[in-house]
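J.: Take this structure, written in structure tokens, and hold onto it; I'll ask about it next.
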DNA sequence: AAGCGTCCGGGACAGTTGACCCAGAGCGGC
DNA sequence: GCCGCTCTGGGTCAACTGTCCCGGACGCTT
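Protein chains in written order, with our numbering: chain A, 683 to 881; chain B, 683 to 881.
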């Protein structure tokens, strides 16, 4: 087997875990399965990580970081508020379709974190981050379209996250892409009505 | 140990599994842990169920049945559309708060089902059922308030489910009850705007 | 070429898991 | 009483889990 620096090996293992969970579910992500996917040995695993838990924490952080970094990517904003919200939501959807497993993995990790004290903080922080990114998007929209939100912006941000999570969950279950996009657009219109011309 | 008819034992085991998953997560739901919670022996388990999987299927069905039966419970409808949608969503929220674990369990089961061919159908059907119940509620509202939906009702139904799922998921993670209720109300107002006076 | 820290291979460990088995206890009907 | 069905106790099984260890291979520095 190739000789690889520990830090590179770490990333290989994290990526392998991501693939395994996405393809076969959280329960399938045993140390052996992950190592096989990464083309590494068990010894390499425990050389790089003190425990499986440590791998999981790293995986959660990395997956979340990837997601929010894409969210932050620029989407064309301007014109009507509805169009801007729509573009934002569609931007999110692109990241989902780009790697359909990412959301599946994130849900599994969240689910796991709810009952694992060591991960609880990570999951909660993950959500704080989501809300922050959503809020930023909304503030950019308000500035670009010269409107203000009739509800506290944190509240609209939470609604945005609710929509993305809910739509994604439904899509994971029934795989109805068209319905997901339609719902996303309709919600965009709905949310846009919480904006009024800035005075 | 008490001598119990097999059918009663089945229900005891299903209920026990529900409690274990709710309290300690899906991974903790081993046959032994479930039996301990139910006060039964492993032999009793395999006398009642051919396999653990069978227990899981039964659990999914039962949990889902409980949920939808509560949904169908009457909520005061009438007055404005917004008030009716709000009452509907708040009715849902009551069932969540009544047993906070139910949603947690349902999410775990859904997550599990996504990667377990034997359960895949169950999860998908569960969602079909949700949409059906949501659609019924919307149609009752339309009739009671003498309005019609400006979007296909199946579409609004999906949005309703998206909202409940999304709000619930966020709440499971951060436990912010007030934010959940606020979001629910705001979404109710938003959804109500997809109604127009019947002509 | 020698030495040394970094990394890996294979094997082993104790613990846990789902599943199973069989002898026998309880209880209703004959 | 006895029979037969339903249920239970305790034990066993192979498979799998996360973790650990030790000897040795690599490749850089000197």
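Each residue gets a CB set at the ideal place from its N, CA and C atoms; glycine is no exception. Since this is a predicted model, take the numbers as computed values, not measurements.
Does the region 865-872 of chain A touch the region 764-781 of chain A, meaning 3 or more C-beta pairs lie closer than 8 Å?
T.: Counting Cβ pairs under 8 Å, three or more are found: they touch.
J.: Which bits of chain A does residue 875 (chain B) rub up against, with CB to CB less than 8 Å?
T.: Those within 8 Å of residue 875 (chain B) in chain A are 872, 875.
J.: Are any of the Cβ atoms in chain B nearer than 8 Å to that of residue 746 (chain A)?
T.: It does not: the Cβ of residue 746 (chain A) has no partner Cβ on chain B nearer than 8 Å.
J.: Determine the direct distance from the alpha carbon of residue 700 (chain A) to that of residue 644 (chain B), and round the result to whole angstroms.
T.: It is not possible to answer for residue 644 (chain B), since the shown part of chain B is limited to 683 through 881.
J.: By DSSP, does residue 829 (chain B) sit in helix, in strand, or in coil?
T.: Residue 829 (chain B): strand per DSSP, three-state reduction.
J.: Can you tell me whether residue 724 (chain B) is buried or exposed, with buried defined as 16 or more other CB within 10 angstroms of its CB?
T.: It counts as exposed.
J.: Taking the DSSP output, what are the residues bridged to residue 879 (chain B)?
T.: Answer is B:829.
J.: Is residue 796 (chain B) helix, strand or coil when you go by DSSP?
T.: Residue 796 (chain B): coil per DSSP, three-state reduction.
J.: Which class does residue 864 (chain B) belong to by DSSP, given the choice of helix, strand or coil?
T.: Helix.
J.: If residue 763 (chain A) sits next to residue 829 (chain A), beta carbons under 8 Å apart, how far is it from one beta carbon to the other, in whole angstroms?
T.: That belief holds up - the Cβ atoms of residue 763 (chain A) and residue 829 (chain A) are roughly 6 Å apart, short of 8 Å.
J.: If you measure from the beta carbon of residue 685 (chain A) to each beta carbon in chain B, is any gap under 8 Å?
T.: With 8 Å as the cut-off, residue 685 (chain A) does not count as an interface residue toward chain B.
J.: Mind checking residue 881 (chain B): buried by the 16 CB within 10 Å criterion, or exposed?
T.: The residue is exposed, with fewer than 16 neighbouring Cβ atoms inside 10 Å.
J.: Could you tell me the boundaries of the alpha helix (DSSP H) in which residue 850 (chain A) lies?
T.: Taken as a continuous stretch (DSSP letters only), the alpha helix (DSSP H) holding residue 850 (chain A) covers 835-856.
J.: Whole angstroms is fine: what's the gap from residue 742 (chain A)'s alpha carbon to residue 795 (chain B)'s?
T.: Near 21 Å, if we compare the C-alpha coordinates of residue 795 (chain B) and residue 742 (chain A).
J.: Please confirm whether residue 711 (chain A) has its beta-carbon closer than 8 Å to some beta-carbon of chain B.
T.: For residue 711 (chain A), the answer is no, since every Cβ of chain B falls outside 8 Å of its Cβ.
J.: What in chain A is Cβ-close to residue 843 (chain B), meaning under 8 Å?
T.: Simply 848, 852.
J.: Report yes if the C-beta distance between residue 767 (chain B) and residue 850 (chain B) is below 8 Å; otherwise report no.
T.: No, they are not a contact pair.
J.: Using the beta-carbon of each residue, which ones in chain A are nearer than 7 Å to residue 792 (chain B)?
T.: By Cβ distance, chain A contributes 855.
J.: Closer than 8 Å by beta-carbon distance: list the chain A residues that pair up with residue 724 (chain B), in chain order.
T.: Near residue 724 (chain B) there are no residues of chain A at all, since even the closest Cβ is about 21 Å away, more than 8 Å.
J.: Who are the near neighbours of residue 812 (chain B) in its chain, counting only those whose CB is closer than 6 Å to its CB and skipping five residues on each side?
T.: For residue 812 (chain B), where only same-chain residues beyond five positions count, the Cβ hits under 6 Å are 843.
J.: So what does DSSP say about residue 713 (chain A), is it helix, strand or coil?
T.: In this structure, residue 713 (chain A) counts as helix in the three-state DSSP scheme.
J.: Can you give me the Cβ contacts of residue 786 (chain B) inside the same chain, cut-off strictly under 7 Å, excluding the 5 residues immediately before and after it?
T.: Here the set comprises 704, 854.
J.: Rounded to a whole number of angstroms, what is the C-alpha to C-alpha distance between residue 697 (chain A) and residue 784 (chain A)?
T.: Rounded to the nearest angstrom, the two C-alpha atoms are 11 Å apart.
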